[in-house]
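One line per chain: the protein sequences are A and B, in this order.
75 is the number that my numbering gives to position 90 of the first sequence; each next residue is one higher, with no gaps.
Start counting at 1 in the second sequence, then tack on 1031, and there's your number in my numbering.
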Amino acid sequence: MLKMTKVSKIYRTDTVETHALREFSLEVQEGEFVSVTGPSGSGKTTFLNIAGLLEELTSGTYELDGRDISALSDRERSKVRNEKIGFIFQSFNLIPELNIFDNVDVPLRYRGFAAPDRRKRIENSLEMVGLASRMEHYPAQLSGGQQQRVAIARALAGEPRFLLADEPTGNLDTEMATNVLDLLDEINGNGTTIIMVTHELTLADRAKRNIFVRDGRVSDGPPEFRLAAAGGQG
Amino acid sequence: MLRYYLKLGMLSIRANPALSALMVAAIGIGIGACMTIMTIQHVMSGNPIPGKSDSLYYVQIDSWDPNNEYNGPNELPEQLTYLDATGIDAAAGDEFRVVWSYKSSRILQPGDGADLPFEVRTRATSFRFFSMFALPFRYGASWDAAADRNREQVVVLSSALNERLFGGGNPVGESVTMNGDVYRVVGVLEPWLPVPKFYDVTNNPYEEPEEAYLPVTVAVAAEHDSAGNTNCWKPFPGGYEAFLNSECIWFQMWAELPTAADKSRFEQLLAAYVEEQKTLGRFPREMHNELSDVMEWMQDNEVVDDDVSVLLGLAFLFLVVCLLNTIGLLLAKVMRRTKDISLRRALGASKQTLFAQYVVEAGLIGIGGGVLGIALTWLGLRGIENLFAGYDFVERLVTMDWVMVLLAVGLAVVSALAAALYPTWRAANVTPASQLRIQ
Ligand SMILES: Nc1ncnc2c1ncn2[C@@H]1O[C@H](COP(=O)(O)OP(=O)(O)OP(=O)(O)O)[C@@H](O)[C@H]1O
Ligand SMILES: [Mg+2]
C-alpha cells in the first residue's frame, strides 16, 4: 500500500542543511498497524508528513497504492489527503472558532459530500469516540483527551484507508492514552491501515509491527526496543 | 461551497473584529473619496439635453479685431453682436430654427405691495427658445412668433418665481410689473435645471436658469442691459442705439440642424452672410465660422472645472493608498492564520480551494467597505456644498441614485479583491505541514 524507496528529505535554511531523512526505505501493507519510535529529532514526524503528502520529498520515490506521488499536482495531492488519509496530530489542531460538529465537518466539506451525508458521518464518528453529546461545544470547552478524540473523529469521518498518527497520546495521561489506543485498535480491526509515531515503548508494543528510526533511517534499534518488538510480534 | 466560504468569512471577520474594521474603514474611506469626486465630475460632464444634443449647434463667427485674436490663436468670439444675431436670424428666416438670447435682470415690483421689490434674473429670447431646449411648462405656453414681431409685453415665469409671486397657482393672464413696465404672464415652467446650463455657459455653467423669460425684441427696445459678458474691440459713440450697432458681442445663438444636410446648408448660409458683411466693410479678419454641437460646446468651454479632474486624480491616489493599507492588513491577518491554513491544507483543501475561501472573505470585506463608502460619499457630497458654494446644481447631487450605489459597492469589491490577491496567494502557498509540528 505504502512504499518508500531511498527517500531523503533535506531542510535547507540559509546557513544549515538538515538531513531529516536519509535514504529512508519502508513498505507497509494494507491493514497493518505500524508503530514508529526513535529518538527526538530522528525524523519520525518528517517521515509521517511525507507519507501524508504534507511535505515534498527531496529525493527517492514514494508510491501510495501503486501510484508515484511525485507526479501528482497540488490538486490531486489534496484530493488524496482528503479522501485516503486521516491525520491525528500530537497537538490536536482543532479550529478554535468552530464547534465540534463543524471541526469534524472540515474534511467532509472539501470532499464535497451532501449535507445529510455529512451530518450522518459526523454523528457516527463522534459516536464512535464517545462525544456525540458534545457536538455543540467548542474545543476550549473540552479536556485534552476529549479534544484528541474529536481529532480522531475528524480523521475517521471520511473513512480513510490510511490513518497517520503523530504521538496521538503525547499530551494525554496513561488512562486516556490507553483509551485512545483501544480506539485505534478498533479502527485497525475494521481494516484501516495505521502508522503511529510514539515515544512510549509500551504503546508501541501494542502495534503489530514496530519500526525504529535513527538519524533519518530505519534501524534495528536498541536492545530494549528489539525485545519489545519481539514481544509485539509474539 | 460558496455558503461554506461565506460562513468561514463571517467567522473570520468576527474573530478579528479590529483588523476587519480597519480594512472596511480603509476601503470605505478610499471609495467615499473617489465616489464623491466621481459623482461631481459625472454630473458636471453629463449631457444636459440627451435627446437633442446632437442636433443643436452653437453658432460662432469671427467678427473680431483685425489686429488681435479674440483669446489666442484660432479662438473665436463666444458670442455675437446684435447686428449679427439679427442678421443671421433674418437670413435663416423660416428655413432654419435659430434662437438667440442674452441674460439680463429686472427689478420686479410685486403687485400687492406686501413684498418689497426684488431683482429677478431674466432671459431675453425668442419664442423658439422653449421648444428648442424642451422647457417643460406647467401652465400656459410660450409666446408666439407674432408676439416677438409685435414686441408684446409678455413673460414666462420659472416655477420658483411663480411660487413666490402667485403661491404656485395658475397666473396665466395675470400681470407682472418690472422696472415700471407691465408684462402679461403667458406661461409658467415646471422646475427646470439643466446641468450644466448649456444654452449659456459664458458666466457660470452651473448657475440656475433665469427666473423670467421675455421677448428679446421687447428687451432690446426697452434697452435692457446685458447681465452676462459683453466684449467689445471697436470704440463706439455712447448711447444704446450705438451699442446695438457696435461690434460688441453679448448674444448666444443656437441653430437646430437635425441632419448633416441641414448643417451644411446652414454653413453655406453663414458663409454667404459673412461674405455679404465683408462687402459692407465688416469682418476684417479671415472668415472663420464654427458650429459646435452641445457636447462639443461643453468641451470647448471646459465646463468641467480643471480642479475637479485634479481632485479626481487625488481621490484615486488616495484610494490606492487605502488599498495598500488593506493589503498590509490582510497580510497581517493571513500571517496570523497560517496555522488554520496549514491545517486545512492537511485536511484536503487544495490551493484553489483556499484561494476561493479567502477571495470570498475579501469580497465580504469589500461589501462592507462599499456600504461604508456610500455613507461617506453621501457625507462627502454634503461637504462639497461648501466647497462649490457657487454651483446651484450641488443640491441635486446629494440625492444618490441606484447606479451610484451599485458603482460604489462594485468598486469597493473590486478594490478589496485586488488588495486581497497577494495576501491570498500567500495564504494558498502556506505549506500544509509547516505549522502543525510542535517544536
Ligand atoms: N521545517 C524544518 N526546517 C528545518 N529543519 C527541520 C524542519 N522540520 C524538521 N527539521 C529538522 O529535521 C529533523 C527531523 O525532525 P522531525 O520533526 O522529523 O523529528 P522527530 O523524530 O519527529 O522528533 P520528535 O520526536 O522530537 O518529534 C530535526 O533535526 C529537525 O530539527
Ligand atoms: Mg515529531
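We put the beta carbon where it would ideally sit given N, CA and C, even for glycine.
Every value quoted in this text rests on a predicted model; they were computed, and no experiment measured them.
Residue i - DSSP class collapsed to helix/strand/coil
i               : result
S1086 (chain B) : coil
V1130 (chain B) : strand
W1095 (chain B) : coil
L1107 (chain B) : coil
N1262 (chain B) : strand
H184 (chain A)  : coil
R7 (chain A)    : strand
G219 (chain A)  : In this prediction, G219 (chain A) has a pLDDT of 35, which is less than 50 and means its spatial position is unreliable; nothing more can be read from the coordinates.
I1080 (chain B) : coil
T973 (chain B)  : In the structure displayed, chain B extends from 1032 to 1470; residue 973 (chain B) sits before or after that span and is not available.
I80 (chain A)   : coil
E68 (chain A)   : helix
L1374 (chain B) : helix
F197 (chain A)  : strand
N1320 (chain B) : strand
R(-3) (chain A) : strand
T1462 (chain B) : coil
E12 (chain A)   : strand
F86 (chain A)   : helix
E1287 (chain B) : strand
D1179 (chain B) : helix
M1162 (chain B) : Rather than Met, the amino acid found at residue 1162 (chain B) in this sequence is Ser. The answer is helix: DSSP assigns S1162 (chain B) an H, G or I state.
F1349 (chain B) : helix
Y1214 (chain B) : strand
Q75 (chain A)   : coil
Cutoff 7 Å; reference residue i; Cβ partners in own chain excluding five residues on either side
i               : result
P24 (chain A)   : R199
A125 (chain A)  : P81
Y1304 (chain B) : G1118, I1119 and A1122
N1210 (chain B) : R1137 and I1138
V1390 (chain B) : L1448, A1451 and T1455
N1047 (chain B) : K1364
R1182 (chain B) : P1246, T1248, V1249 and A1252
A251 (chain A)  : Limits of chain A in this structure are -14 at one end and 219 at the other, which puts residue 251 (chain A) out of reach.
M1326 (chain B) : N1078 and S1084
T0 (chain A)    : none
L168 (chain A)  : V114 and I137
Buried versus exposed call for residue i [16 or more other C-beta atoms within 10 Å across all chains shown]
i               : result
I180 (chain A)  : buried
E12 (chain A)   : exposed
V1482 (chain B) : There is no way to answer for residue 1482 (chain B), as the model of chain B reaches only from 1032 to 1470.
S1043 (chain B) : buried
Q1299 (chain B) : exposed
T154 (chain A)  : buried
T187 (chain A)  : exposed
G219 (chain A)  : Residue placement at G219 (chain A) cannot be trusted, given a pLDDT of 35 that sits under 50; what the coordinates show is reported in the next sentence. Exposed: under 16 other Cβ atoms inside 10 Å.
R(-3) (chain A) : exposed
L93 (chain A)   : buried
K(-9) (chain A) : exposed
V1440 (chain B) : buried
G1059 (chain B) : buried
L1437 (chain B) : exposed
S1277 (chain B) : buried
Y1101 (chain B) : buried
K105 (chain A)  : exposed
Nearest-angstrom Cβ-Cβ length linking residue i and residue j, presumed shorter than 8 Å
i               : j               : result
T22 (chain A)   : F197 (chain A)  : 6 Å
D1231 (chain B) : G1259 (chain B) : 7 Å
G1142 (chain B) : S1173 (chain B) : Not confirmed; about 23 Å, so no contact.
8 Å CB neighbourhood of residue i in its chain, flanking five on each side removed
i               : result
A5 (chain A)    : K(-6), I(-5), Y(-4), G28, T31 and G201
I1408 (chain B) : One detail in the question is off: residue 1408 (chain B) reads as Thr in this sequence, not Ile. So the list reads I1062, G1063, M1066, T1067, T1070, M1431, M1435 and A1439, once near-sequence residues are dropped.
E68 (chain A)   : R96, G143 and P145
(message) For the structure I just gave you, are there three or more beta carbon pairs, one from the segment 1122 to 1135 of chain B and one from the segment 1316 to 1331 of chain B, closer than 8 Å?
(response) no
(request) Would you check if there are 3 or more beta carbon pairs closer than 8 Å linking the segment 1087 to 1106 of chain B to the segment 1338 to 1352 of chain B? (result) no
(request) Decide if the segment 138 to 154 of chain A is in contact with the segment 101 to 113 of chain A; the criterion is three or more beta carbon pairs, one per stretch, under 8 Å apart. (result) yes
(message) Count Cβ pairs between the segment 1050 to 1066 of chain B and the segment 1401 to 1408 of chain B that sit closer than 8 Å; are there 3 or more?
(response) yes
(request) Would you check if there are 3 or more beta carbon pairs closer than 8 Å linking the segment 1080 to 1089 of chain B to the segment 1164 to 1172 of chain B? (result) yes
(request) Could you tell me whether the segment 1349 to 1362 of chain B touches the segment 1449 to 1458 of chain B, where touching means 3 or more Cβ pairs closer than 8 Å? (result) yes
(request) Determine, using beta-carbon pairs with one atom in the segment 1376 to 1393 of chain B and one in the segment 57 to 66 of chain A, whether at least three such pairs fall under 8 Å. (result) yes
(request) Say whether the segment 1274 to 1292 of chain B touches the segment 1089 to 1100 of chain B, bearing in mind that this needs 3 or more beta-carbon pairs closer than 8 Å, one atom from each stretch. (result) yes
(request) Count the C-beta pairs between the segment 1262 to 1280 of chain B and the segment 1040 to 1060 of chain B that are closer than 8 Å, then say yes if the count reaches three, no if not. (result) no
(request) Evaluate the contact criterion for the segment 1147 to 1156 of chain B versus the segment 1241 to 1250 of chain B: three or more CB pairs, one atom per stretch, below 8 Å. (result) yes
(request) Check whether the segment 1066 to 1073 of chain B touches the segment 1309 to 1316 of chain B, counting contact only when three or more Cβ pairs, one atom from each stretch, lie closer than 8 Å. (result) no
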